[in-house]
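Here the structure is laid out as structure tokens; the discussion comes afterwards.
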Amino acid sequence: MKFGVVVFPGSNCDHDAFYAIGNVLKKPVEFIWHQSEDLANCDAIILPGGFSYGDYLRTGAIARFSPVMKSIEKFANSGGLVLGVCNGFQILCEAGLLPGAMMRNSGLRFICRHVYIRVEQTDTPFTNAASKGQILKIPIAHSDGNWNVDESTLASLEKNRQVIFRYTTPDGSNDDAGNPNGAMHNIAGVCNRERNVAGLMPHPERAAELALGSADGLVIFRSMVEALVGAARATA
Amino acid sequence: MATAPTEIRVTPEIAAEHGLTAEEFARVKQILGREPNITELGIFSVMWSEHCSYKSSKVHLKRLPTRGQLVVQGPGENAGVVDIGDGLVAAFKIESHNHPSYVEPFQGATTGVGGILRDIFTMGARPVAILDSLRFGEITPDKNTTPEQAAKNRRILDGVIRGVGGYGNCFGVPTIGGEVAFEPCYSQNPLVNALALGIARKEDLFFAKAKGVGNPVIYVGAKTGRDGIHGASLLASAEFSEESQQKRPNVQVGDPFMEKLLLEACLEAMETGAVVAIQDMGAAGLTCSTMEMASRGGTGIEVDLAKVPQRETGMTPYEIMLSESQERMLLVAEKGREQEVLRVFKKWGLDAVVVGRVTEGGLARIKNTATIAAEIPAHPLAEEGPVYNRPIAAPAPRVETPEDWFQFAPEGTNLTQNFLKLLTSPAIASKRWITEQYDTSVRTNTLAVPGASDAAVVRIKDPRTNEVKRALALSTDGNGRWCQLNPRVGAMHAVAEAARNVAASGARPMAATNCLNFGSPEKPEVMWQFSEAIDGIAEACTALGTPITGGNVSFYNETLGKSIYPTPVIGVLGILDDPSRVLKVAFCNPGDRIVLLSVVRDGSSKESDDDLRRSFSSGEYTKMLSKRLVGMPPPCDLAAEKRLIDCLVALAAEGVVESAHDISDGGLAVTLAESCFGAEGLGVNIALEDMLPAEHALFCENGARAIVSLAPESLAAVLAIARQYGVAACEIGKVTSGDAFRIEHKGRAVIESSVESLRDAWGNSLERILATK
Numbered sequence: 000m001k002f003g004v005v006v007f008p009g010s011n012c013d014h015d016a017f018y019a020i021g022n023v024l025k026k027p028v029e030f031i032w033h034q035s036e037d038l039a040n041c042d043a044i045i046l047p048g049g050f051s052y053g054d055y056l057r058t059g060a061i062a063r064f065s066p067v068m069k070s071i072e073k074f075a076n077s078g079g080l081v082l083g084v085c086n087g088f089q090i091l092c093e094a095g096l097l098p099g100a101m102m103r104n105s106g107l108r109f110i111c112r113h114v115y116i117r118v119e120q121t122d123t124p125f126t127n128a129a130s131k132g133q134i135l136k137i138p139i140a141h142s143d144g145n146w147n148v149d150e151s152t153l154a155s156l157e158k159n160r161q162v163i164f165r166y167t168t169p170d171g172s173n174d175d176a177g178n179p180n181g182a183m184h185n186i187a188g189v190c191n192r193e194r195n196v197a198g199l200m201p202h203p204e205r206a207a208e209l210a211l212g213s214a215d216g217l218v219i220f221r222s223m224v225e226a227l228v229g230a231a232r233a234t235a
Numbered sequence: 000m001a002t003a004p005t006e007i008r009v010t011p012e013i014a015a016e017h018g019l020t021a022e023e024f025a026r027v028k029q030i031l032g033r034e035p036n037i038t039e040l041g042i043f044s045v046m047w048s049e050h051c052s053y054k055s056s057k058v059h060l061k062r063l064p065t066r067g068q069l070v071v072q073g074p075g076e077n078a079g080v081v082d083i084g085d086g087l088v089a090a091f092k093i094e095s096h097n098h099p100s101y102v103e104p105f106q107g108a109t110t111g112v113g114g115i116l117r118d119i120f121t122m123g124a125r126p127v128a129i130l131d132s133l134r135f136g137e138i139t140p141d142k143n144t145t146p147e148q149a150a151k152n153r154r155i156l157d158g159v160i161r162g163v164g165g166y167g168n169c170f171g172v173p174t175i176g177g178e179v180a181f182e183p184c185y186s187q188n189p190l191v192n193a194l195a196l197g198i199a200r201k202e203d204l205f206f207a208k209a210k211g212v213g214n215p216v217i218y219v220g221a222k223t224g225r226d227g228i229h230g231a232s233l234l235a236s237a238e239f240s241e242e243s244q245q246k247r248p249n250v251q252v253g254d255p256f257m258e259k260l261l262l263e264a265c266l267e268a269m270e271t272g273a274v275v276a277i278q279d280m281g282a283a284g285l286t287c288s289t290m291e292m293a294s295r296g297g298t299g300i301e302v303d304l305a306k307v308p309q310r311e312t313g314m315t316p317y318e319i320m321l322s323e324s325q326e327r328m329l330l331v332a333e334k335g336r337e338q339e340v341l342r343v344f345k346k347w348g349l350d351a352v353v354v355g356r357v358t359e360g361g362l363a364r365i366k367n368t369a370t371i372a373a374e375i376p377a378h379p380l381a382e383e384g385p386v387y388n389r390p391i392a393a394p395a396p397r398v399e400t401p402e403d404w405f406q407f408a409p410e411g412t413n414l415t416q417n418f419l420k421l422l423t424s425p426a427i428a429s430k431r432w433i434t435e436q437y438d439t440s441v442r443t444n445t446l447a448v449p450g451a452s453d454a455a456v457v458r459i460k461d462p463r464t465n466e467v468k469r470a471l472a473l474s475t476d477g478n479g480r481w482c483q484l485n486p487r488v489g490a491m492h493a494v495a496e497a498a499r500n501v502a503a504s505g506a507r508p509m510a511a512t513n514c515l516n517f518g519s520p521e522k523p524e525v526m527w528q529f530s531e532a533i534d535g536i537a538e539a540c541t542a543l544g545t546p547i548t549g550g551n552v553s554f555y556n557e558t559l560g561k562s563i564y565p566t567p568v569i570g571v572l573g574i575l576d577d578p579s580r581v582l583k584v585a586f587c588n589p590g591d592r593i594v595l596l597s598v599v600r601d602g603s604s605k606e607s608d609d610d611l612r613r614s615f616s617s618g619e620y621t622k623m624l625s626k627r628l629v630g631m632p633p634p635c636d637l638a639a640e641k642r643l644i645d646c647l648v649a650l651a652a653e654g655v656v657e658s659a660h661d662i663s664d665g666g667l668a669v670t671l672a673e674s675c676f677g678a679e680g681l682g683v684n685i686a687l688e689d690m691l692p693a694e695h696a697l698f699c700e701n702g703a704r705a706i707v708s709l710a711p712e713s714l715a716a717v718l719a720i721a722r723q724y725g726v727a728a729c730e731i732g733k734v735t736s737g738d739a740f741r742i743e744h745k746g747r748a749v750i751e752s753s754v755e756s757l758r759d760a761w762g763n764s765l766e767r768i769l770a771t772k
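Heads up: the protein sequence lines correspond to chains W and P, in order.
Terminal number for the first sequence in numbering that gives the first Met the number 0: 235, no gaps in between.
Terminal number for the second sequence in numbering that gives the first Met the number 0: 772, no gaps in between.
Okay, structure coming up:
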């Protein structure tokens with residue numbers, strides 16, 4: 000089992016994702032340069048947070064044309080696990096691998112703080128180790144996390160249970176009050192219809208150790224590990 | 000070869016327009032042995048500007064203690080460096096970007112952050128934290144500030160905050176500390192001081208010394224444009240007038256994405272082993288980097304400007320040499336290995352061009368294809384510039400009578416309303432609205448986010464192995480009010496408070512950096528303030544064992560002839576051997592005992608009523624009520640501070656306290672309230688037996704004090720440690736469950752409130768003020 004963390008020019012959470020997987024979870028992980036079309040036999044790909052290409056045009060708009068994205072698209076279409084965090088989520092939306100688009104936060108400011116998200120679905124490779132309704136305390140750090148989509152796509156996403164994380168208050172009682180950025184339906188993370196590609200705005204790699212305020216984010220990486228172990232067993 | 004013909008002949012008038020005095024101009028001619036051409040004049044004028052040459056401060060800066068066992072690099076390089084054990088070093092420095100931030104708040108602040116980050120990674124250290132120390136004019140109208148001025152100050156603050164955040168957030172380094180203060184004197188001259196901290200392996204450090212005759216000189220990073228020409232000499236080295244807005248083109252423009260690429264490319268290039276020396280192009284751009292590298296290395300340098308990547312066409316040598324375009328570096332590579340270096344920069348999509356070479360003999364030769372644009376001996380230019388021992392004169396003593404000083408309320412007065420008001424004042428209120436606009440958690444090292452502990456605390460990962468062993472704590476402090484009233488004592492307090500904050504996070508203070516913000520050095524009273532402040536810093540840093548490893552002097556902080564308060568800002572770095580032992584301000588458990596740690600000054604019992612009122616008058620509480628600047632800072636007892644610092648470090652190491660918070664702005668009551676705000680569902684019940692008036696007990700800002708909370712069974716251990724360090728430990732109350740915040744003084748309740756209403760006042764005040772357009 001091997002994780003790959005993509006490095007775009009301007010990625011700045013690549014080291015953090017690498018550390019969470021390699022040093023905290025102690026699983027094999029390596030960096031993949033954005034100009035490489037070779038995914039180095041990785042079993043799961045992480046698109047980390049940051050400001051790819053400075054995000055000067057539109058978040059993720061240029062990164063999605065990087066050579067590595069062609070390979071990632073193929074990898075995703077053949078069932079490979081792809082997780083986008085923050086800017087990685089934005090890139091996956093721009094690439095059309097996930098639905099939706101990001102607008103500026105409703106308050107028009109960068110926000111960095113711990114938020115609470117509820118695990119809405121557990122039958123995905125990103126949430127299988129969590130329990131349904133579990134509340135995770137994970138930090139956000141973004142200017143453009145106001146996820147939006149047209150009404151009919153939104154309806155089909157809800158129907159197909161593709162909304163996997165929703166902002167909420169610490170006790171899970173009031174989703175609207177817990178929404179930091181104005182995202183539609185308080186959506187913090189979604190997956191594709193095939194459930195092998197997911198993105199979320201909060202940073203699970205920053206919530207991997209209690210010393211940093213929360214270890215709730217680990218469950219997402221653990222889920223991926225379990226999914227990979229399960230897949231390996233099935234093919235063995 | 001003949002000197003290039005230039006359109007402009009240099010006259011004494013033109014030299015004067017460049018800010019050179021007649022004597023300085025004569026010196027230029029003496030060094031060159033001839034008349035300078037216009038490019039050479041430009042080079043001399045920026046190198047000898049106050050900002051770059053420290054000509055007015057040098058003689059005083061010599062008095063600062065700069066040596067220590069752990070100091071690897073003191074002042075004179077891009078940043079100070081200290082040994083933090085396990086083969087690792089920390090590089091850190093603070094720098095100002097005041098004038099640009101007034102002219103163009105967003106860009107001024109971004110380039111301030113960008114500049115200090117480059118200073119850190121130029122040394123081979125990866126930046127891991129930023130702190131910023133900010134001063135603005137008042138953001139709410141009062142008798143000294145009109146509604147229009149307040150609105151303008153809010154706009155400046157907003158631009159600066161967005162700028163600081165915008166740069167650090169994109170670059171990917173957490174902005175995790177600093178302070179914000181407000182005084183009318185900063186209305187037209189805000190202070191933006193940015194501190195950066197980086198980590199390297201000791202053997203991987205780089206210095207800005209050109210070496211090896213024949214080695215190629217490589218230009219890397221952003222292209223050179225016409226932005227920022229004379230930023231250092233005109234913006235940073237002259238006072239402001241009404242025309243200052245016309246200087247907007249002198250402000251540089253920042254590109255954090257470019258800087259992020261530059262960081263990664265530089266660190267990767269350094270790993271090849273082919274880099275000999277490296278220097279960033281900050282103030283005075285290509286001029287400073289070429290001249291200083293050659294001067295430090297004792298070599299010459301030859302550069303062809305035609306090869307410099309340019310953003311605009313038709314730039315003259317003068318413009319190229321003086322441009323302050325951001326995100327550029329100059330490096331010297333090993334001859335024959337330049338391709339290894341160039342390859343790395345190409346990978347990161349950056350311009351990298353061999354523009355010249357290191358030469359013998361000490362001459363800096365600036366060519367423009369076949370002509371010579373400038374030819375200057377590097378060492379005399381960089382090191383033999385003017386040095387001034389400017390006249391010093393103490394200002395006339397302020398005439399104050401006891402009637403000017405604070406009158407304490409009659410015994411038994413309920414102070415709850417005043418306390419609520421104090422909590423909403425911008426200086427005291429929560430800075431959450433600001434700090435949430437900064438990425439505080441990127442790099443996954445942040446052990447204490449802003450406000451969680453008295454200092455910003457990051458754990459240190461070994462750059463090679465990612466292994467975590469220790470943590471570092473940082474705090475910046477400075478009190479302009481106190482320095483205006485007494486620059487020497489005020490400066491001592493700045494050092495003491497920064498060190499105390501570091502100790503209150505559990506870390507042992509080890510070194511310091513300083514940013515000295517003052518008015519015009521041409522005014523004898525300002526030079527007096529400067530000299531006094533230096534003496535205060537020197538005395539405090541010596542007493543507390545925190546040598547100054549670097550920093551920056553910012554003079555000419557005046558507008559329309561009026562100086563800011565002298566504002567030395569001190570950053571203290573401390574080390575924590577066990578990262579799990581970080582002390583935070585929040586109370587933890589109901590039933591925990593609250594102990595006031597203090598060191599009673601010798602002779603303080605003899606203080607008269609007038610002395611008491613006089614020092615009390617200089618604090619935030621009096622400022623809130625009277626809006627005046629009167630009194631004296633409380634005396635600073637460095638021996639007492641040292642004992643308290645050692646005591647706090649020992650308490651943290653022994654793991655016997657649950658929380659710690661030093662007493663500073665707003666006094667004991669604010670300290671207690673902040674410790675409640677950090678917790679959920681906890682209050683306090685406090686009984687003070689202080690014989691002094693209640694307002695003094697609650698709000699005085701005397702130094703060398705802190706509160707700690709602890710489990711009842713740890714009380715004996717805490718008292719024993721306090722005794723060992725000669726610190727008085729007095730149990731003043733308990734942490735309670737529930738929402739009651741209650742303080743009794745001599746048996747009568749003086750503050751009684753719900754924590755929730757205090758929290759609302761404190762927590763949302765700044766947002767409410769700043770939401771007002």
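Built from N, CA and C at the ideal position, the CB exists for glycine as well.
It should be emphasised that the depicted structure is a prediction, and the values quoted were computed from it without experimental measurement.
Name the two residues that bound the continuous alpha helix (DSSP H) containing residue i.
i, result
"P:W432", "431-434"
"P:Y317", "316-321"
"W:P203", "Unbroken run through W:P203: none, as it is neither H nor E."
"P:K641", "637-653"
Just to make sure I have the definition right: I need the residues of chain W whose C-beta is within less than 7 Å of the C-beta of residue i. Which are they?
i, result
"P:T445", "L211"
Measure the C-alpha to C-alpha separation of residue i and residue j and round it to an integer number of angstroms.
i, j, result
"W:T126", "P:K420", "48 Å"
"P:L761", "P:S553", "The identity of residue 761 of chain P in the sequence shown is Trp, whereas the question assumes Leu. Each residue's alpha carbon lies about 33 Å from the other."
"P:P396", "P:S44", "37 Å"
"P:S663", "P:N701", "7 Å"
"W:I219", "W:V118", "10 Å"
"P:K468", "P:I198", "13 Å"
"P:G384", "P:G570", "29 Å"
"P:T5", "P:G32", "With a pLDDT of only 48 at P:T5, under the threshold of 50, the placement of this residue in the model should not be trusted; the figure read from the coordinates follows. Their Cα atoms are separated by approximately 18 Å."
CB residue i to CB residue j, shorter than 8 Å?
i, j, result
"P:S708", "P:R580", "no"
"P:L572", "P:F105", "no"
"P:T10", "P:Y317", "no"
"P:S440", "P:E619", "no"
"P:R134", "P:P189", "yes"
"P:R200", "P:G86", "yes"
With a CB to CB cut of under 7 Å and the five nearest residues on each side skipped, what residues in its chain are close to residue i?
i, result
"P:E399", "V629"
"P:S616", "W404, F405, V629, G630"
Looking only at its own chain, which residues have a Cβ that is under 6 Å from the Cβ of residue i, when we skip the five neighbours before and after it?
i, result
"P:T434", "P449"
"P:S429", "W761, G762"
Ordered along the chain, which non-local residues of its own chain (more than five positions away) have a Cβ less than 8 Å from that of residue i?
i, result
"W:H202", "C12, D15, G48, V84, C85, I137, P138, I139, A140, G216"
"P:K259", "C169, F170, G171"
"P:A778", "As displayed, chain P neither begins before 0 nor continues past 772, which places residue 778 of chain P out of reach and without an answer."
Would you mind telling me which residues of chain P sit closer than 7 Å to residue i, beta carbon to beta carbon, in chain order?
i, result
"W:F50", "C169, F256"
Which residues mark the beginning and the end of the beta strand (DSSP E) in which residue i is found?
i, result
"P:R342", "Note, P:R342: premise wrong, no beta strand (DSSP E); alpha helix (DSSP H) at 337-346."
"W:N76", "Looking at the DSSP string, W:N76 is not in any beta strand (DSSP E); the run it does join, the alpha helix (DSSP H), is 66-76."
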